[in-house]
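Participant:
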Amino acid sequence: MRPAFLIAGKDLRQRLRDRSAIVIGVVAPLVIAAVMSLAFGTTTTFHFTLGVVNADHGPIAAQLERILHEPGLRNIVTTRPVADEASAAADVKARRVQAAVVIPAGFSASLSAAKPESILTFTSVNNTLAGSVTTSIVSSFTAQLNADRLSLATAVSSGAPADRVAALEQAAAKLTVPVQLAQRPAGSRELKPVSYYSPAMGIFFLLFVISFTARSFFVDRGQGMIERMRAAPIQPLEILAGKALSAFVFGVASLGVVAVVTTAVFGAYWGSPVAVAAVCMALVISVVCLTALVIGLARSQRQAEGIASAVVFGLALLGGNFVFVSAEPDLLRRLALLTPNGWALRAFTDLSTRGGGLHTALVPVAAILAFSAVVGMAAAGLSRRAVTA
Amino acid sequence: MRGTLAVARTSLLRVTKDRRALFFLIVLPIAVILIIGATVRGFSTIRVGVVDLGAGSAGRSLTVAMQRAGDLDVRHYATISAATTAVSRGEVATAVVLPAGMDAALRSGQAVDVAIFADRSNTTQQAAAAAVGSVVAKVGARVQAASFASSQAFGTYEADLRTAAALQQTNTQSRVVSRVVDSNSQTLPQGFSYSAPTMLVLFVFLNALASGAVIIETRRLGIYERMAAAPVRRSTIVLGETLAYFTVALGQAALIVLIGAVVFGVSWGNPVAATSLVLLWALVGAGAGVLSGTLFRTPEQASAIGPPVGIALAMLGGCMWPLSIESSVMRQLGHLTPQAWAVDAWTDLLSRGGTLASIAPKLGVLAAFAVGLLALSMTRLRKVVAQR
Chain A
-2 MRPAFLIAGK DLRQRLRDRS AIVIGVVAPL VIAAVMSLAF GTTTTFHFTL
48 GVVNADHGPI AAQLERILHE PGLRNIVTTR PVADEASAAA DVKARRVQAA
98 VVIPAGFSAS LSAAKPESIL TFTSVNNTLA GSVTTSIVSS FTAQLNADRL
148 SLATAVSSGA PADRVAALEQ AAAKLTVPVQ LAQRPAGSRE LKPVSYYSPA
198 MGIFFLLFVI SFTARSFFVD RGQGMIERMR AAPIQPLEIL AGKALSAFVF
248 GVASLGVVAV VTTAVFGAYW GSPVAVAAVC MALVISVVCL TALVIGLARS
298 QRQAEGIASA VVFGLALLGG NFVFVSAEPD LLRRLALLTP NGWALRAFTD
348 LSTRGGGLHT ALVPVAAILA FSAVVGMAAA GLSRRAVTA
Chain B
142 MRGTLAVART SLLRVTKDRR ALFFLIVLPI AVILIIGATV RGFSTIRVGV
192 VDLGAGSAGR SLTVAMQRAG DLDVRHYATI SAATTAVSRG EVATAVVLPA
242 GMDAALRSGQ AVDVAIFADR SNTTQQAAAA AVGSVVAKVG ARVQAASFAS
292 SQAFGTYEAD LRTAAALQQT NTQSRVVSRV VDSNSQTLPQ GFSYSAPTML
342 VLFVFLNALA SGAVIIETRR LGIYERMAAA PVRRSTIVLG ETLAYFTVAL
392 GQAALIVLIG AVVFGVSWGN PVAATSLVLL WALVGAGAGV LSGTLFRTPE
442 QASAIGPPVG IALAMLGGCM WPLSIESSVM RQLGHLTPQA WAVDAWTDLL
492 SRGGTLASIA PKLGVLAAFA VGLLALSMTR LRKVVAQR
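Taken in order, these protein sequences are the chains called A and B.
Going by our numbering, the first sequence wraps up at 386, each residue one higher than the last.
Going by our numbering, the second sequence wraps up at 529, each residue one higher than the last.
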């Protein structure tokens, strides 16, 4: 086994001297995590300022204003009084407020008239979410008001005689809408962009180990290094084990540094350290197996580089390293689970949001190891030939 | 001139014969456009999970009402645990549980609680809960009306429910009238119209940076020295190399535009303005590519450092998410990159029907970037070619 360690040691020393390996393995994911955390540092929470024009000053308008200040909404809406409709529209247009609501004069009184006034909301194309939340809140409010009117109107429309309308109106006023939303805690931690993209970028650049190692193997072979090693009393398997070991150590170190630095500096939360370590190890094993497969499939350095690029970018695209996988359509989310990096990202997402230890990561780790076993078996025969050829 | 074209032709041949380069030039950008385009359904729709535990027709009508609400994207889950897992993974912003026997309970006049999973501290979940709340309140109002009328012996529950739904559409209700005050969108349209222009900007630049490796390889092979031995002027070599980079960048951009239009149905806006933008961006790319070829020492460095630099600049410049969702400091920082100006110009063309005149200031900035990068890179390349 000693030759394997010696080969691994030599490969690692070479890798450390090669600045591009350090750039890809460590610097690049950290730079990108830094950009992400800068970009989203102030915008992870959704919050907007709502302009409120209260031209009514009646009891119903006061009720709506009270609702806008309820504890549930306080985190997402801050209200700002605005003088009139024109200023509200201008404020939204100038982005001084993100949306506005106008309660017209005589609104409260109109609710007992034949045709009630409407509430107006101003929204902007540049903040459709604030617009739709505003419209939702106001619609919920008017739905309560309208329910009583609707109850009476339905009774009348279904044949209630005119002499009973007054009594029915009184009865309807006491009703409450029978379907209510009851909020339950989701029981999970919010997934911050930096907590998703730190592992995503760490894994993306880890995949480049495949290119590096495959390339270095063919460079060695081109220089007759493999032949010379074989002249010594070394088994082909030991040569392969040495190469695999160096790839494994470099991979674990690169992902480890990214995990530690993004946690300490950028506030990313990867999850329980033991579980994170298990996922990282499993993932690096799969990367080692993929490298062996690429070496086995390729006939030359150029071919190896080509196949490795296709593997690296194919996996990164499918696995969700570029796009938040949860937002993808169903088919793409399923396809992500055909890749080891897709499983790893699922594990990191679950560990970060739902917490838990090793048991949370058990299925993903098993899936990654199963993938590695399949790829490893396919690679075993092929890569042995690459050494003995 | 003939010499310049010959140098450019030789460099181009090297690129087109390299199948790996073609993968990065064509296959990868198209795959990324496809995936991002299929994923980015806008920054305005809210994904909501629904678990129907046997709520009956009341549950179904609530689900239909949510599906019809324009800002909600409804996904179905079989169990509560599947739905809460989806919430925690961010697959949906919130999940609604329609309880068993909901319809029967409502018919018998009982109130029903519809559970919604949302944490008070999580603003995305609260925003989603507000949106769902509005739909529930509207459907609830109909149920209240039907229960009331039928309990007073006017019509059956079903008939009254239909009557209430019809009356809800008439203007005897107090309505919420929503008015959009501006048409000046700061973001690109959704889907492929979002992913195609942003990925054009990202990949043309990134690919140019990474293909700086070709110049380094040429240098390493001593091709410049051999060229210098022939009666070829240094400026001819420099112009030829730059022309090759420009042609590759332009070809890649043109291909993305073509595939975007034909396959993904992207409308690229005013043709003259779009063509000018593509030409200028190819010049920026050519400048960056040649510069990368003169800055790095080994081909490995160029292909190792090029992609992360390209991705980071693209992130800062608004290719990965709109700069309008960032703080103003980050927006200003982003505009130090040429990418931000290019994305701004595409936004103007695709979202606001922009013209050559309306994007002229942005094209001016891009032209300045192109001139700066080309001047710097060509000066450096001249020195590199002169080195023995």
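For each residue, glycine too, the CB sits at the ideal point set by N, CA and C.
This structure is a prediction, so every number in the text was calculated from the model and none was measured.
How would you list, in chain order, the residues of chain B whose beta-carbon sits under 7 angstroms from the beta-carbon of A169/A?
Facilitator: As a position in the first sequence, residue 169/A is number 172, starting the count at 1. F289, listed in chain order.
Participant: Where P240/B and G190/B are concerned, what is the direct C-alpha to C-alpha distance, given to the nearest angstrom?
Facilitator: What you label residue 240/B is simply residue 99 of the second sequence in a count that begins at 1. What you label residue 190/B is simply residue 49 of the second sequence in a count that begins at 1. Whole-angstrom Cα-Cα distance: 14 angstroms.
Participant: So, A453/B versus V32/A, is the Cβ gap smaller than 9 angstroms?
Facilitator: By 1-based counting over the second sequence, the position of residue 453/B is 312. By 1-based counting over the first sequence, the position of residue 32/A is 35. Yes.
Participant: Between the alpha carbons of A282/B and D145/A, how many angstroms are there, rounded?
Facilitator: Residue numbering aside, residue 282/B sits at position 141 when the second sequence is read from its first letter. Residue numbering aside, residue 145/A sits at position 148 when the first sequence is read from its first letter. So the alpha carbons of these two residues sit roughly 8 angstroms apart.
Participant: Step through the CB atoms of chain A and report whether any lies within less than 9 angstroms of the CB of T359/B.
Facilitator: By one-based count along the second sequence, residue 359/B stands at place 218. No, no contact with chain A.
Participant: Which residues does DSSP list as the beta-bridge partners of A96/A?
Facilitator: Counted from its first residue, the first sequence places residue 96/A at position 99. Per DSSP, L47/A.
Participant: Using a Cβ cut-off of 9 angstroms (strictly closer), state whether T40/A contacts chain B.
Facilitator: Mapped onto the first sequence, residue 40/A falls at position 43. Reliability of the predicted coordinates at T40/A is poor, the pLDDT of 49 falling under 50, and the value obtained from them is presented with this limitation in mind. Answer yes: the Cβ-Cβ gap between T40/A and chain B drops below 9 angstroms somewhere.
Participant: Just to confirm the assignment, what range does the alpha helix (DSSP H) spanning V389/B have?
Facilitator: On the second sequence, position 248 is the one that residue 389/B refers to. Taken as a continuous stretch (DSSP letters only), the alpha helix (DSSP H) holding V389/B covers 375 to 403.
Participant: Measuring only the C-alpha atoms, how far is F387/B from F346/B?
Facilitator: Position 246 of the second sequence, counted from the start, is the residue given in the question as residue 387/B. Position 205 of the second sequence, counted from the start, is the residue given in the question as residue 346/B. Approximately 11 angstroms, taken between the alpha carbons.
Participant: Sort V309/A, G316/A, G378/A, A363/A by Cα distance to F164/B and report the nearest one.
Facilitator: To locate residue 164/B, count along the second sequence from 1; it is residue 23. The option with the nearest alpha carbon to F164/B is V309/A.
Participant: DSSP beta-bridge partners for P78/A?
Facilitator: Against the first sequence, residue 78/A aligns to sequence position 81. BP columns for P78/A point to V49/A.
Participant: Output yes if chain B places a C-beta closer than 9 angstroms to the C-beta of H66/A; else output no.
Facilitator: Counted from its first residue, the first sequence places residue 66/A at position 69. Answer no: the Cβ-Cβ gap between H66/A and chain B never drops below 9 angstroms.
Participant: Assuming contact is defined by CB atoms lying nearer than 9 angstroms, are A385/B and R161/B in contact in what I supplied?
Facilitator: Start at 1 with the first residue of the second sequence, and residue 385/B comes out as number 244. Start at 1 with the first residue of the second sequence, and residue 161/B comes out as number 20. No; because the gap between Cβ atoms is not below 9 angstroms, this pair is not in contact.
Participant: Which residues mark the beginning and the end of the alpha helix (DSSP H) in which Y298/B is found?
Facilitator: Taking the first residue of the second sequence as position 1, residue 298/B is located at position 157. It spans 298 to 310 - the alpha helix (DSSP H) in which Y298/B sits, taken as one unbroken run.
Participant: Residues in its own chain within less than 7 angstroms of A270/B by CB, not counting five upstream and five downstream?
Facilitator: Sequence index remark: in the second sequence, residue 270/B carries index 129 (1-based). Hits under 7 angstroms: T235, I257, A259.
Participant: In terms of alpha-carbon separation, which member of G378/A, P101/A, D15/A lies closest to R438/B?
Facilitator: Against the second sequence, residue 438/B aligns to sequence position 297. Comparing Cα positions, the closest option is D15/A.
Participant: Evaluate contact between the stretch 161 to 168 of chain A and the stretch 264 to 280 of chain B, counting only Cβ atoms and requiring at least three cross-stretch pairs below 8 angstroms.
Facilitator: No contact exists between the stretch 161 to 168 of chain A and the stretch 264 to 280 of chain B.
Participant: According to DSSP, what are the bridge partners of V256/B?
Facilitator: For this step, residue 256/B is matched to residue 115 along the second sequence. Reading off the sequence, residue 256/B comes out as Ala, not Val. A256/B pairs with A179/A, V238/B.
Participant: Which residue wins for smallest C-alpha separation from S275/B, given the options I223/A, F209/A, S137/A?
Facilitator: The residue given as residue 275/B occupies position 134 in the second sequence. The shortest Cα separation from S275/B among I223/A, F209/A, S137/A belongs to S137/A.
Participant: Where does F215/A fall in DSSP's three states?
Facilitator: Along the first sequence, one-based indexing puts residue 215/A at 218. Note: F215/A maps to helix in three-state DSSP.
Participant: What residues in the stretch 144 to 174 of chain A bring their beta carbon closer than 9 angstroms to a beta carbon of chain E?
Facilitator: This model lacks chain E altogether, as its protein chains are A and B.
Participant: Which residues in the same chain as T40/A place their Cβ atom closer than 6 angstroms to its Cβ, once the five residues preceding and following it in sequence are excluded?
Facilitator: Counted from its first residue, the first sequence places residue 40/A at position 43. Unreliable positioning characterises T40/A in this predicted model, as indicated by a pLDDT of 49, which lies under 50. The coordinate reading is nonetheless provided below. No residues qualify anywhere along the chain.
Participant: Going along chain A, which residues have a C-beta under 7 angstroms from G200/B?
Facilitator: The residue you call residue 200/B lines up with position 59 of the second sequence. Within 7 angstroms Cβ-Cβ: nothing; G200/B doesn't reach chain A, min ~10 angstroms.
Participant: Sort A370/A, V23/A, V362/A, Q232/A by Cα distance to A275/A and report the nearest one.
Facilitator: Stepping through the first sequence from its first residue, residue 275/A is reached at position 278. Measuring from the Cα of A275/A, the nearest candidate turns out to be V362/A.
Participant: Compare the C-alpha of V404/B against each of I174/B, A527/B, Y365/B and name the closest.
Facilitator: Within the second sequence, numbered from 1, the residue matching residue 404/B stands at position 263. It is I174/B whose Cα lies nearest to the Cα of V404/B.
Participant: For a cutoff of 9 angstroms on Cβ pairs, would you count A179/B as touching chain A?
Facilitator: Against the second sequence, residue 179/B aligns to sequence position 38. With 9 angstroms as the cut-off, A179/B counts as an interface residue toward chain A.
Participant: Cutting at 6 angstroms between CB atoms, please list the residues of its own chain near V285/A, excluding the five before and the five after it.
Facilitator: To locate residue 285/A, count along the first sequence from 1; it is residue 288. Counting only Cβ-Cβ distances below 6 angstroms, and skipping sequence neighbours, we find A241, A244, F245.
Participant: Quick one: is Q208/B near chain A, going by C-beta distance under 9 angstroms?
Facilitator: For the purposes of this step, residue 208/B is taken as residue 67 along the second sequence, with counting starting at 1. Not an interface residue.
Participant: Would you identify the three-state DSSP class for S319/B, choosing helix, strand or coil?
Facilitator: The count along the second sequence starts at 1 and reaches residue 319/B at position 178. Three-state result, S319/B: strand.
Participant: Mapping the DSSP letters down to three states, classify V506/B as helix, strand or coil.
Facilitator: Start at 1 with the first residue of the second sequence, and residue 506/B comes out as number 365. Helix at V506/B.
Participant: With which residues is Y218/B paired in a DSSP beta bridge?
Facilitator: The residue you call residue 218/B lines up with position 77 of the second sequence. Answer is V192/B.
Participant: Using the Cα positions of R201/B and G242/B, report the straight-line distance between them to the nearest angstrom.
Facilitator: To locate residue 201/B, count along the second sequence from 1; it is residue 60. To locate residue 242/B, count along the second sequence from 1; it is residue 101. Near 12 angstroms, if we compare the C-alpha coordinates of G242/B and R201/B.
Participant: Can you tell me where the alpha helix (DSSP H) with T581/B in it begins and where it stops?
Facilitator: Residue 581/B lies beyond the range of chain B shown here (142 to 529); nothing can be said about it.
Participant: Residues of chain A with CB under 8 angstroms from E441/B, in chain order?
Facilitator: Against the second sequence, residue 441/B aligns to sequence position 300. Under the 8 angstroms cutoff, chain A gives D15, S17.
Participant: Tell me, please, whether the CB atom of W482/B is closer than 9 angstroms to any CB atom in chain A?
Facilitator: Position 341 of the second sequence, counted from the start, is the residue given in the question as residue 482/B. It does not: the Cβ of W482/B has no partner Cβ on chain A nearer than 9 angstroms.
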